[in-house]
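Novice: Residue numbers (this note's numbering), protein chains in the order written: chain S, 58 to 176; chain V, 2 to 163.
Pasting a structure here, questions to come.
What follows is the structure, given as structure tokens:
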């Protein structure tokens, strides 16, 4: 399946894309481990789920389109699904954390605004 | 027509997605995809969602370009904060954002944009006061964030979902 004589420019371009995506995802994971509060940590994985995924998928589109194995549209769908579904998980986690912190009175969490009409 | 095919656009979209995933436009795949799309549109109709009204489809492209540019920029900004040591000089915090947008589909899109962009996360929407609690990783100027989200995205979404 893999052609022997991949043009140099293609290998470079695909390599740069995949490495950039992997690097951003790695930075996101480091952030997940190192940032100090829960609400700060939810920002870190979005690096991997937005531009990290984007770069890796771009590399995949380039490789498969140029080598002519198939026209790449899978990647577009993957990107759409990832960008639509990860926020839902993040919001669920964040709201669970808000609920917990308010119940415990921990941290600097703003009070719930539900049922108030002064906003 | 409404009864047989409650969401024609969704039907077409699902069928197209099925064919793209299968990487084939053979008759078998078209039939199977049509059956699945037919079932899915009826499942959707059973949920009785509010029908979104899209007033300015031309603005969607502008929104997509804007969001992609912001995702790239905020990725770099957040990566810099994390690599700077995580506990550096950045200050994170909550902001309470007043919204004029009330359309459910518009709010769903806005929440995905805010959360998918690294550095800001949509936490809790309050439909009574029409406010949303947003957490920002690098909060320098609260008003600046409120203005950015309101002018860049909310204004466009208000135009799109009219």
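From the three backbone atoms N, C-alpha and C, an ideal C-beta is built for every residue, glycine too.
These numbers were taken from a predicted model, which means no experiment stands behind them.
For residue 1 (chain V) and residue 132 (chain V), what's the separation of their Cα atoms in angstroms?
Specialist: No answer is possible for residue 1 (chain V): the residues shown for chain V start at 2 and end at 163.
Novice: Secondary structure at residue 122 (chain V), three-state DSSP: helix, strand or coil?
Specialist: In this structure, residue 122 (chain V) counts as strand in the three-state DSSP scheme.
Novice: Could you check which residue in S:156, S:66, S:80 and S:109 has the C-alpha nearest to that of residue 119 (chain V)?
Specialist: Nearest C-alpha to residue 119 (chain V): S:109.
Novice: Quick test of your reading: residue 125 (chain V) and residue 134 (chain V), contact by CB under 8 Å. State the CB separation rounded to the nearest angstrom.
Specialist: Yes, they are in contact, since the Cβ atoms of residue 125 (chain V) and residue 134 (chain V) sit about 4 Å apart, within 8 Å.
Novice: Shortest alpha-carbon distance to residue 64 (chain V) belongs to which of V:111, V:75, V:27 and V:80?
Specialist: Considering only alpha carbons, the answer is V:111.
Novice: Any idea which residues DSSP pairs residue 94 (chain V) with across the strands?
Specialist: DSSP, once it has assigned bridges, lists V:137 as partnering residue 94 (chain V).
Novice: Using 9 Å as the threshold, is the C-beta distance between residue 103 (chain S) and residue 134 (chain S) below it?
Specialist: No, they are not a contact pair.
Novice: Let me check understanding here. Comparing Cα to Cα, which of V:31, V:25, V:27 and V:51 lies closest to residue 8 (chain V)?
Specialist: Residue 8 (chain V) has its Cα closest to that of V:51, out of V:31, V:25, V:27 and V:51.
Novice: Can you find a C-beta in chain V that's less than 9 Å from the C-beta of residue 97 (chain S)?
Specialist: Answer yes: the Cβ-Cβ gap between residue 97 (chain S) and chain V drops below 9 Å somewhere.
Novice: CB residue 69 (chain V) to CB residue 155 (chain V), shorter than 9 Å?
Specialist: Contact flag unset, no.
Novice: Output yes if chain V places a C-beta closer than 9 Å to the C-beta of residue 94 (chain S); else output no.
Specialist: Yes, because at least one Cβ of chain V sits closer than 9 Å to the Cβ of residue 94 (chain S).
Novice: Counting only beta-carbon atoms, is residue 136 (chain V) nearer than 9 Å to chain S?
Specialist: Closer than 9 Å to some Cβ of chain S, the Cβ of residue 136 (chain V) qualifies, so yes.
Novice: Comparing the C-beta of residue 114 (chain S) with each C-beta of chain V, is any distance below 9 Å?
Specialist: It does not: the Cβ of residue 114 (chain S) has no partner Cβ on chain V nearer than 9 Å.
Novice: Does residue 123 (chain S) have its Cβ less than 9 Å from a Cβ in chain C?
Specialist: In the displayed structure, chain C is absent; the protein chains listed are S and V.
Novice: Taking CB distances under 9 Å as the criterion, tell me whether residue 146 (chain V) reaches chain S.
Specialist: Closer than 9 Å: no.
Novice: Is there at least one Cβ from chain S nearer than 9 Å to residue 82 (chain V)'s Cβ?
Specialist: Yes, residue 82 (chain V) counts as interfacial toward chain S.
Novice: Give every residue of the same chain whose Cβ lies closer than 8 Å to the Cβ of residue 15 (chain V), excluding the five residues on either side of it in the sequence, and list them in chain order.
Specialist: For residue 15 (chain V), where only same-chain residues beyond five positions count, the Cβ hits under 8 Å are 34, 37, 38, 41 and 42.
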